[in-house]
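Okay, so here's the structure we're looking at.
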Amino acid sequence: QDDAAVRAKIANDSAWLTCGCPPYCPARRATVDYVQGTRWYTHQLFLERGGLIARRYDYWIKLDVDIWIFRSPAFNLGAVLASTGALFAHTGHAYNGHGCSRELHDSISQYCAQSASSGSACPMASVNDTFWRQDDNVFYSNFVVSSVAFHSNGAPRDAPGATAATPGTPLGLASYLNERPAFFRYRWTDQSLFHKVFGVFAGPNASSYALDWSCLRWEKKKFKAGACFRHGKRNVQGAELRRWTDLEHAESRGCPPP
């Protein structure tokens, strides 16, 4: 849906964008621009310039603008993903409740039912996994690394003359979810979708496709010798920076990859 259509719907429906996800309480609703920006990472990114990213890259990294990197990790992120065969690496979990994923699971079920009826059944690889079935505990998407091949699987270029994503594929599912009104109504965003889309096509659980690099994330009042970045709205300066880069911890700099 284009911005004009979305804005018109919001103007006539006060229930839109009332999701209370942190850091937005209902009184400070997520903007259309915010949802549109995070939505781009779930689908349109892999179609830009005729799928250029799939022709040139194996992995992509999402870094929010308020991520502050204060030292390099001790290992090559892409190399570890390649050597382990993992499809995704995250740096923590976040709470995504208050209805921010409302209708998402049902929409996925509807898509897979439609795909099955057309002869392209979804594998439903993590169908018995509790993490996949729930909505509120999600991968914290302000610093993630993921497989380009996975997310672009099913792109129109994969079938000569095709203009739509192939049914029963990760991109096919992402394309379907992108056009659901609930994407804007409930502020689904990329953070809502990641573990859901992976769970359909990879499994039987998150440990089968994802690496946990939460040791790279600095946490307030919890020094981690391996931390190399922080998430925050203000600049890094003074005593905090010196504490994070303390030379006595240099030998353990960067958490070891799993």
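Each residue of the sequence shown is one higher than the last, beginning at 1 in the working numbering.
Each residue gets a CB set at the ideal place from its N, CA and C atoms; glycine is no exception.
Check Ala206 in the structure and name its three-state DSSP category.
DSSP places Ala206 in helix when its eight states are reduced to three.
In the DSSP assignment, the beta strand (DSSP E) including Val200 goes from what residue to what residue?
It is not in any beta strand (DSSP E) - Val200 instead sits in the alpha helix (DSSP H) that spans 189-201.
Work out the CA separation of Val65 and Phe201 for me, nearest whole Å.
30 Å
Is it buried or exposed, Pro167, if we count other Cβ atoms within 10 angstroms and call 16 or more buried?
Result: buried.
Are Trp68 and Gly199 close, meaning C-beta to C-beta below 8 Å?
Cβ distance not < 8 Å, so Trp68 and Gly199 don't count as in contact.
Taking DSSP as the reference, what is the three-state secondary structure of Ser83?
helix
Tell whether a beta-carbon distance below 8 Å holds between Gly85 and Asp58.
no
For Pro181 and Ala82, what's the separation of their Cα atoms in angstroms?
36 Å
Taking Gly51 as the reference, give the member of Ala149, Ser109, Arg133, Lys62 with the closest Cα.
Ala149
Collapsed DSSP secondary structure at Phe70 in the structure displayed:
DSSP places Phe70 in the coil class of the three-state scheme, outside both helix and strand.
Could you please give the first and the last residue of the uninterrupted alpha helix (DSSP H) stretch that includes Asn178?
170-178
Look at the alpha carbon of Asp136 and the alpha carbon of Gly97, and state the distance between them as a whole number of angstroms.
Distance between the alpha carbons of Asp136 and Gly97 is about 5 Å.
Helix or strand or just coil, what does DSSP make of Tyr59?
Strand, per DSSP.
In three-state terms, what does DSSP make of Ala155?
Coil at Ala155, not helix or strand.
Does Ser147 come out as helix, strand or coil in the three-state DSSP assignment?
Ser147 falls in the strand class under three-state DSSP.
Assuming Phe143 and Thr91 make a contact with CB atoms under 8 Å, what is their CB distance in whole Å?
4 Å
Under the rule that 16 or more other beta-carbon atoms within 10 Å means buried, what is Ile61, buried or exposed?
exposed
Give me the residue from Tyr186, Leu171, Phe88, Cys122 with the minimum Cα distance to Val35.
Tyr186
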